[in-house]
Structures are given as C-alpha cells and as structure tokens.
Amino acid sequence: FARAFNARRTEVANPPFYVPVAPAEAGTLTLDIESLIRFWRNPLRAWLRQLAWQPFYPATLPAAEEPFALPDTAVINHQLLAGRRAHRDWTQIGPQLQQMNALPDGLLGQSLLQPWRAAAWALDEKIVCSPRLPDAVWSWQHSNITLSGSLSQLHRDGQIIWQYRAPNAPEHIALYLRHLIFCAAGLSHLPVRTHVLYPPKPWVWGPMEPEQARQLLGHWLDAWRLGQEQPLPFFARTSLAAAEAWYQAGHTESPPEKAQDAARKTYLGSEHQHGQQHETEVALVFGRDAQLPVDGALFWQLVADLLLPLQHLSNAPEIDA
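All letters in the sequence shown, in the order written, are residues 901 to 1221 by my numbering.
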C-alpha cells in the first residue's frame, strides 16, 4: 500500500487506487439506505477504507472563541425541542442546562439562552408536535443494485428531521438524499414534505413525483457503483458550491465560468478559507495529479447529475464549512 500511495498517478489501464470488482459480484449488488447516505458524506474516505486505510487527525489547538460563547449549542437545541414536544415548563430548562454545564450560571446563562429559546418557540407547533408514525420499509431495484431500508423519521405531517446544529456540507448532502429517498418511496398516506427543524433557520423541501425522484436517485446509485471501483472527484463543500453557482448563473449545458470559479475557490482555498485540497483524503488521492480534479469532466458530470437537479428544491440556509 505504501508504494501505491506514493506512486504518481498515470493514465494507464490499471491506475493506482483501482479496486476491481469481481464479475460475480456485479450482478448481486445490495445496498442499504444508511450505507448509501454514509458513502456520499465523504466518498473518498469510504473508498480509502476499502484499502484498510484509517484517517489520522493530528492534535491541534482549539480555535480562539468569544469569551462567552456557548460550548455546545446542539445540547441546548436538543433540550429546547424536547421540552416543546413534551410541553415541559420552560422556566426549568435553563437551570437544567446550567446543571449540565451547557450554560453559564446566573443571569449570564439566562441571557445567552434567550435567542435560542425564542428560535425554538417560533417553530410551527403543528410540525414540532406532529405525531410519530411507524417506520416504513422500502426496497427498490435499479439496474443490478437493490436499495433497501427503513424510513424512520416519519410523522403525520411528512418527514421531520431534528437538526440540532447548523448542517455542514456533508450533512447537507445527507439531508438531500433523505428527502430524495422519501420522495422516491411514494408513500401515498403522507404529505411528501421534508421539514428540517434547525431552530435558528428551519426549512422545508417540497414534493417531487416518485418517478422523477427515482430517476435522480438512479444517478446516485450509478455513481455509487463507480465509486466502488475508483475514487470519485466528489467533495461535498466544493461540489455544492459549484452546483449553487451553476444554478444561479442559469441553466446551461456546460458549467459557466461563475461555477468553475466557485469550484476552484472552494477547492484551492485562500488565506481566509481552508481549501478542500488540503484535507487528508483529497491530498492523498488527488494531490499529485497534474490536473485539478475540479477541472476534470467527471467532477462536473457528478455535479450536473447529482446536485444541480436538486437546487430548485433548496430554500435552505447557507451551509457551514
């Protein structure tokens, strides 16, 4: 493996990092929903792990923060939303969070809690308290891939996802996929809407016809199959930035200059933004290539087939890096 990792990638019949799929396995591919979502959060990491590679994260000093910044807003959002669902006395949530060391003691803690409490209280009570429904088991055959699993976040008012912290780019990809699978399942007894309840910036994705959703989902499955054979130039933050810029520039057959600039800027980074080219998995696989992966045809094909069709659904907040 050391020789493979250090070898310069060349255009040959069997390039480095190539993992062949046995013909016997090609006709019997089975995949569960959670594995598909986990793969697309970071396809490079998933592919490298097939080679028994484990990521190494060197110890770093914590970034400087505001002196009174809250240590973990996810804990606060979780307790506030749980309190709303259970109709608990909100005057008791603040002291409970202080006992959990999630808030400073005294009036300072109450003051810091106030905007988060207001955001949680502003959520639509009908959605927050929507009754939970049993999981729905779903299976779908696409080409030679069988996708199966359970839809486990179903409520009377649709699919409701509790998001306790601002979603980063991989989490946003996962949310996209959950909505797409929900639409593809075609559950006629439910409103086909996905509510993502992140208190400061909640959003909802509207319905999509099951046939259209399955057609789009088929592209994700085809790309997943390709990702079992070779590393994919798909980087959540960079690919999303490219798709958003492409969509804003208008529907064109080839990526406009605005989208190409957004992809290069996010991939290369700057003195104010960490570029994805410096991430361990990306540098390991693509760091020695003469051509940037964001300039390759496969990168833009994945953006066009997977992310661009979903941009019209999005009224979501800005994505955290």
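Ideal Cβ placement from N, Cα and C applies to all residues, glycine included. Nothing here was measured: the structure is a model prediction, and the numbers come from that model.
| field | Span of the beta strand (DSSP E), counted from its first residue to its last, around Q1059 | value | As a position in the sequence shown, residue 1059 is number 159, starting the count at 1. Secondary structure note for Q1059: its beta strand (DSSP E) is the uninterrupted segment G1058 to W1062.
| What are the start and end residues of the alpha helix (DSSP H) that includes S1139? | As a first step, residue 1139 must be located in the sequence shown, where it is residue number 239. First-last of the alpha helix (DSSP H) with S1139: A1136 to A1149.
| query | So is W991 buried or exposed if we call it buried at 16+ other beta carbons inside 10 Å? | reply | Counted from its first residue, the sequence shown places residue 991 at position 91. In the sequence under discussion, the amino acid at residue 991 is Thr, which differs from the Trp named in the question. With fewer than 16 Cβ atoms within 10 Å of its Cβ, T991 is classed as exposed.
| field | Terminal residues of the alpha helix (DSSP H) in which H1079 lies | value | Taking the first residue of the sequence shown as 1, we reach residue 1079 at position 179. Start and end: A1069 to A1085.
| request: For L1198, collect the residues of the same chain with a Cβ closer than 6 Å to its Cβ; drop the 5 residues on either side in sequence, then sort them by chain order. | output: Numbered from 1 along the sequence shown, position 298 holds the residue referred to as residue 1198. Here the set comprises P1133.
| request: List the endpoints of the continuous beta strand (DSSP E) containing V1182. | output: Stepping through the sequence shown from its first residue, residue 1182 is reached at position 282. No beta strand (DSSP E) holds V1182; the alpha helix (DSSP H) holding it covers T1180 to F1186.
| task | Starting from the C-beta of G1118, find all residues in its chain whose C-beta is less than 7 Å away, skip the five residues before and the five after it, and write them out in chain order. | result | Numbered from 1 along the sequence shown, position 218 holds the residue referred to as residue 1118. These residues qualify, in order along the chain: H1042.
| query | Buried or exposed: L1202, going by 16 or more other Cβ atoms within 10 Å of its Cβ? | reply | Working through the sequence shown from its first residue, we reach residue 1202 at position 302. With 16 or more Cβ atoms within 10 Å of its Cβ, L1202 is classed as buried.
| said: Let me make sure I understand the geometry here. Which of I1073, P1193 and S1048 has the alpha-carbon closest to that of R1164? | reply: Here the question's residue 1164 lines up with position 264 in the sequence shown. Taking only the C-alpha atoms, the option nearest R1164 is P1193.
| Which class does A1036 belong to by DSSP, given the choice of helix, strand or coil? | Taking the sequence shown and counting its residues from 1, one reaches residue 1036 at position 136. Strand, per DSSP.
| query | Using the C-alpha atoms, what's the distance from A1141 back to F1135? | reply | Position 235 of the sequence shown, counted from the start, is the residue given in the question as residue 1135. Position 241 of the sequence shown, counted from the start, is the residue given in the question as residue 1141. If you take the alpha carbons of F1135 and A1141, they lie about 10 Å apart.
| field | Three-state secondary structure (DSSP) of L1023 | value | Taking the first residue of the sequence shown as position 1, residue 1023 is located at position 123. If DSSP states are grouped into helix, strand and coil, L1023 belongs with coil.
| query | Does DSSP classify R909 as helix, strand or coil? | reply | Your numbering for residue 909 matches position 9 in the sequence shown. For R909, the predicted model reports a pLDDT of 48, less than 50, meaning its position is unreliable and no value from the coordinates is stated.
| request: Work out the CA separation of S1052 and V1037 for me, nearest whole Å. | output: Mapped onto the sequence shown, residue 1037 falls at position 137. Mapped onto the sequence shown, residue 1052 falls at position 152. When rounded, the distance between both Cα atoms is 9 Å.
| message | Just to check my reading of the structure: L944 and V1185 have Cβ atoms closer than 8 Å, yes? What is that Cβ distance to the nearest angstrom? | response | Here residue 944 is taken as the residue at index 44 of the sequence shown, counted from 1. Here residue 1185 is taken as the residue at index 285 of the sequence shown, counted from 1. At roughly 6 Å, the Cβ-Cβ gap stays under 8 Å, so L944 and V1185 are in contact.
| query | Can you pull the DSSP bridge partners for D932? | reply | On the sequence shown, residue 932 is found 32 positions in, with the first residue counted as 1. Paired residue(s): S1048.
| field | Simplified DSSP assignment, three categories, for L1054 | value | Residue 1054 sits at position 154 when you count from the first residue of the sequence shown. Correct three-state label for L1054: strand.
| Residue from W1016, W1124, G1049 and H1055 whose Cα sits closest to the Cα of I1027 | On the sequence shown, position 127 is the one that residue 1027 refers to. Comparing Cα positions, the closest option is H1055.
| task | Return yes when the Cβ of L929 is within less than 8 Å of the Cβ of I1073, no when it is not. | result | For the purposes of this step, residue 1073 is taken as residue 173 along the sequence shown, with counting starting at 1. For the purposes of this step, residue 929 is taken as residue 29 along the sequence shown, with counting starting at 1. Contact flag unset, no.
| Tell me which same chain residues have a C-beta within less than 7 Å of the C-beta of L1090, skipping the five on either side of it? | As a first step, residue 1090 must be located in the sequence shown, where it is residue number 190. Cβ within range, chain order: L1054 and G1058.
| field | Alpha-carbon spacing of A1143 relative to A1159, whole angstroms | value | Locating residue 1143 in the sequence shown gives position 243, counting from the first residue. Locating residue 1159 in the sequence shown gives position 259, counting from the first residue. Spanning the two alpha carbons is a distance of roughly 7 Å.
| request: Just the C-alpha distance for H1174 and D989, rounded to the nearest angstrom, thanks. | output: Translated into positions along the sequence shown, residue 1174 becomes position 274. Translated into positions along the sequence shown, residue 989 becomes position 89. Going from the Cα of H1174 to the Cα of D989 covers about 43 Å.
| field | Burial state of T1094, where buried means 16 or more other Cβ atoms lie within 10 Å | value | For this step, residue 1094 is matched to residue 194 along the sequence shown. Burial call: buried.
| message | Please tell me whether Y1076 and A974 are closer than 8 Å, where the distance is taken between their beta carbons. | response | Within the sequence shown, numbered from 1, the residue matching residue 1076 stands at position 176. Within the sequence shown, numbered from 1, the residue matching residue 974 stands at position 74. Not in contact: Y1076 and A974 (Cβ atoms no closer than 8 Å).
| said: If you reduce the DSSP assignment to three classes, tell me which class Q1176 lands in. | reply: In the sequence shown, counting from the first residue as 1, residue 1176 sits at position 276. The answer is helix: DSSP assigns Q1176 an H, G or I state.
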